[in-house]
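In our numbering, the protein residues as written are 5 to 441.
For every residue, glycine included, the Cβ atom is placed at its ideal position computed from N, Cα and C.
Heads up: the structure comes next, in structure tokens.
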Ligand SMILES: NC(=O)c1ccc[n+]([C@@H]2O[C@H](COP(=O)([O-])OP(=O)(O)OC[C@H]3O[C@@H](n4cnc5c(N)ncnc54)[C@H](O)[C@@H]3O)[C@@H](O)[C@H]2O)c1
């Protein structure tokens, strides 16, 4: 990939389009509004809170990331989205019960002004929901055109200079890539005949790429991760990234597993279970949607621990992941992990993790960072899969034939080195021998 020589400045308003105006999307929007008014802090967001070291440790150059990169300011963001239910962002946030009433009341008017555009929804891809605010079921090619018209309409009505989109919609049933996903031409033919391999989220992604709108995918669905979408994104000069926000349990897994492996401690079993009571949990109660999530969650350990290289340590690892829908908990998920590990001479040990987290509170800063960084990537002339954004995903998209990097610390190094590269700074390798010459 060619190093950008210039990055267009982030002038004008940035439309942030979120298909799926549910818990994650409204927690993001309400949060940005609260932060803009100085009523809350954007904790969890690397672009807002993080710093980046430049040059040698002795140089003392450690700017904040948002001062180092030409990112949009939060004041430039203008949110919109689609949903298959008509609730505006205030109503939807109230029902999601993530952000407290006091916070919501402080931004009530601004939130209530965001009404969802009608969703593109063929119901066979999300079986637990019956949408009431949907577009007429025309052919899938026509549906893409209707979504493109929505995007253009939003950008014009809100006077935006550019837009980005992050899929915050429900998890769809598991779909394997088929012939229709192999090229732009095959996909266009598939749209014309409403091929069943093309799900709702793929329609949004296709419409966005065609409109030059960078697209990030927060769910485990195929959405934008297939050869036709990679090809279209490269052709149109549009950055894409995915998939599945890395939040609670998987975030912990990609923090702890690299540590155990670094010390060459063996793992014979890793059992993970969750209870979750929000709409996401209800959708995941359907085995076909759960399958998408399961595949996304299971890959992580395999890649980090490399059982094919370390057969003695990880070759017999039994890894199981469950998600149980349990309404009383709402968005306040509880994730338990039992890890059976072994050390010196094979003596066994156990570790238990009980993470009482808040799903959407962990996801919202990821949505914000992805919107800002995908917009930056577009202005820097980067196109196609943005692997440097793997840091944010459970199941990172990579070039064909390349295995994904799941270790959070390698992902962070890659992210920060890409930021340095974008600004013409040298990469940091942590070799550091020059301090001792
Ligand atoms: N919160 C997390 O920690 C986390 C982590 C990783 C992934 N995710 C994923 O993010 C997504 C959003 O999670 P959430 O908790 O906000 O779920 P949610 O159920 O509260 O919101 C999803 C919204 O998408 C809408 N929707 C479904 N199909 C649609 C379509 N075709 N067009 C427009 N809208 C559509 C639903 O009506 C719903 O309002 C889910 O796929 C979830 O699996 C969340």
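Whose CA, out of the options, lies closest to the CA of residue i?
| i | options | result |
| --- | --- | --- |
| residue 432 | 426, 438 and 421 | 421 |
| residue 435 | 283, 42 and 61 | 61 |
| residue 20 | 69, 68, 128 and 172 | 172 |
| residue 170 | 371, 319 and 288 | 371 |
| residue 184 | 178, 176 and 200 | 200 |
| residue 213 | 160, 177, 268 and 151 | 151 |
| residue 382 | 87, 55 and 165 | 165 |
| residue 131 | 203, 196 and 85 | 203 |
| residue 255 | 416, 105 and 43 | 416 |
| residue 85 | 136, 23 and 343 | 23 |
| residue 39 | 6, 226 and 111 | 111 |
| residue 186 | 162, 235, 103 and 44 | 235 |
| residue 315 | 28, 272, 333 and 284 | 272 |
| residue 233 | 205, 252 and 430 | 205 |
| residue 119 | 102, 282 and 91 | 91 |
| residue 82 | 160, 104, 427 and 428 | 160 |
| residue 89 | 121, 106 and 247 | 121 |
| residue 247 | 231, 102, 226 and 5 | 226 |
| residue 320 | 270, 278 and 358 | 270 |
| residue 333 | 50, 5, 44 and 102 | 102 |
| residue 328 | 267, 282 and 105 | 282 |
| residue 100 | 343, 364 and 359 | 364 |
Express the C-alpha separation of residue j and residue i in angstroms, rounding to a whole number.
| i | j | result |
| --- | --- | --- |
| residue 309 | residue 404 | 21 Å |
| residue 345 | residue 355 | 8 Å |
| residue 265 | residue 302 | 17 Å |
| residue 274 | residue 291 | 21 Å |
| residue 339 | residue 423 | 33 Å |
| residue 116 | residue 93 | 6 Å |
| residue 276 | residue 36 | 32 Å |
| residue 396 | residue 347 | 31 Å |
| residue 108 | residue 98 | 8 Å |
| residue 411 | residue 259 | 7 Å |
| residue 288 | residue 175 | 7 Å |
| residue 48 | residue 191 | 37 Å |
| residue 366 | residue 350 | 36 Å |
| residue 280 | residue 286 | 8 Å |
| residue 73 | residue 11 | 10 Å |
| residue 208 | residue 326 | 29 Å |
| residue 378 | residue 133 | 30 Å |
| residue 155 | residue 177 | 26 Å |
| residue 181 | residue 124 | 21 Å |
| residue 126 | residue 9 | 44 Å |
| residue 284 | residue 253 | 15 Å |
| residue 375 | residue 386 | 15 Å |
| residue 324 | residue 295 | 13 Å |
| residue 219 | residue 229 | 11 Å |
| residue 330 | residue 87 | 24 Å |
| residue 419 | residue 322 | 31 Å |
| residue 430 | residue 64 | 15 Å |
| residue 196 | residue 189 | 11 Å |
| residue 357 | residue 341 | 5 Å |
For residue i, which residues of its own chain have a beta-carbon under 6 Å away from its beta-carbon, when the five flanking residues on both sides are left out?
| i | result |
| --- | --- |
| residue 57 | 66 |
| residue 143 | 198 |
| residue 336 | 362 |
| residue 438 | none |
| residue 96 | 25 and 30 |
| residue 368 | 31, 32 and 35 |
| residue 402 | 391 and 408 |
| residue 414 | none |
| residue 241 | 387 |
Within its chain, find whatever has a CB closer than 8 Å to the CB of residue i; leave out the 5 residues flanking it on each side and keep chain order.
| i | result |
| --- | --- |
| residue 80 | 14, 16, 17 and 18 |
| residue 299 | 178, 224 and 399 |
| residue 238 | 387 and 388 |
On the criterion of 16 or more Cβ atoms from any shown chain inside 10 Å, does residue i qualify as buried, or is it exposed?
| i | result |
| --- | --- |
| residue 30 | buried |
| residue 77 | exposed |
| residue 389 | buried |
| residue 250 | buried |
| residue 318 | buried |
| residue 257 | buried |
| residue 136 | exposed |
| residue 215 | buried |
| residue 141 | exposed |
| residue 168 | buried |
| residue 444 | Since the first residue of the chain shown is 5 and the last is 441, residue 444 is not available in this structure. |
| residue 194 | buried |
Would you verify that the beta carbon of residue i is, or is not, closer than 7 Å to some beta carbon of chain C?
| i | result |
| --- | --- |
| residue 288 | The displayed structure is made up of one protein chain only, and chain C is not part of it. |
Could you name the residues of the same chain whose beta carbon sits closer than 7 Å to that of residue i, not counting the 5 residues immediately before and after it, in chain order?
| i | result |
| --- | --- |
| residue 261 | 305, 308 and 309 |
| residue 52 | 46 and 70 |
| residue 211 | 148, 151, 152 and 155 |
| residue 7 | 425 |
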